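Residues 39 to 293 (our numbering) are what the sequence shown spells out, left to right. Here the structure comes first, spelled out in structure tokens, and everything after it is commentary.
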Amino acid sequence: MSSLSSSKVKDITLAAFGRKEIELAEAEMPGLMGIRKEYSAKKPLQGARITGSLHMTVQTAVLIETLKDLGASLRWCSCNIFSTQDHAAAAIAANQSAAVFAWKGETLEEYWWCTEQALNWGDGEGPDLIVDDGGDMTLLIHEGVKAEKMFAVDPKQLPDPSRATNEEEKVLLMLLRKSVQEDPTKYQRIAKRLDKERQIYKDNNVYKLPTALDEKVAALHLPALRASLNRLTQAQADYINVSPQGPFKRPDYRY
């Protein structure tokens, strides 16, 4: 196992191999590369903290380095104990594109430790945004907040691993028990920072990607196909009742 000052991966010597595969993946991901070309100079994510729980593969590495190019700081773990490509994790760690805590074949204890480390930004607070595939990171935050609030009411109320109904729940309760004893407000601080970004949404509503953004993503892929779109004339736009600038589908349109 290789440990850097801010990462833990299987074998850091795999970084060169990982970098070659990331470069190959970049050629197959024109949308993300188009975002880099268009927005990297503007740094729209400058100062943003992003924590990811998503398969640590070469494709995810392209996403990570795109977010970094846009100005974000990142910490990352995998959302599955077997899905990490160790050469990809090594390349990201070696390049300091993100702090990475991931390797193929993690135990349950290691998996939840990696998830916790990805949330730990070292100053008592967490990220501004999480990318969470599967919901384990979200679960950890919610269960952490619940455990801390129970402990605040009654210090004897600690997560009890003996009440677990399966091995993974036992591991999670052990982690939360230790966390509450060491820092009884950690997950509440993490949740509070995340909640600042959540205020733009209303509870119990379902939100979909705005049509304009959906069309932007599609347009970013056109150059790789050697294709382009002609702009509608005003007469053409009026005929189908859209703006020449887009979006080109009604808000209620479903693909």
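Even glycine gets a Cβ: it sits at the ideal position worked out from N, Cα and C. Fair warning: this is a prediction, and the values are worked out from it, not measured in the lab.
Item: I'd like to confirm the pairing. Which residues does DSSP put opposite ILE88 in its beta bridges?; Value: LEU112 and LEU167
Item: Between which two residues does the beta strand (DSSP E) harbouring PHE189 extend?; Value: No beta strand (DSSP E) holds PHE189; the alpha helix (DSSP H) holding it covers 174 to 191.
Item: For the beta strand (DSSP E) that VAL138 lies in, which residues bound it at each end?; Value: 137 to 140
Item: Would DSSP call VAL96 helix, strand or coil?; Value: helix
Item: Taking the alpha carbon of GLN272 as the point to measure from, which residue in GLU147, ILE88 and GLN283 has its own alpha carbon closest?; Value: GLN283
Item: Output the distance between the C-alpha atoms of ALA99 and ASP170, rounded to the nearest integer angstrom.; Value: 15 Å
Item: For ILE278, does the three-state DSSP call read helix, strand or coil?; Value: coil
Item: Which residue from ALA250, LEU263, ARG292 and VAL255 puts its Cα closest to that of CYS286?; Value: Strictly speaking, residue 286 in this sequence is Phe, with Cys absent from that position. Ranking the options by Cα distance to PHE286, first place goes to ALA250.
Item: Enumerate in chain order the residues of its own chain whose CB-to-CB distance from MET94 is below 8 Å, with the five nearest sequence positions on each side excluded.; Value: TRP114, CYS115, SER116, SER121, THR122, GLN123, ALA126, ALA127, ILE130, VAL138 and ALA140
Item: Please name the residue, chosen from THR153, ASN204, ALA229 and GLY173, that lies closest to GLU186 on a Cα-to-Cα basis.; Value: ALA229
Item: Is the shortest distance between the beta-carbon of MET212 and the beta-carbons of chain C less than 7 Å?; Value: Looking for chain C here will not work: only one protein chain is present.
Item: Is GLY56 buried or exposed, if buried means 16 or more other CB atoms sit within 10 Å of its CB?; Value: buried
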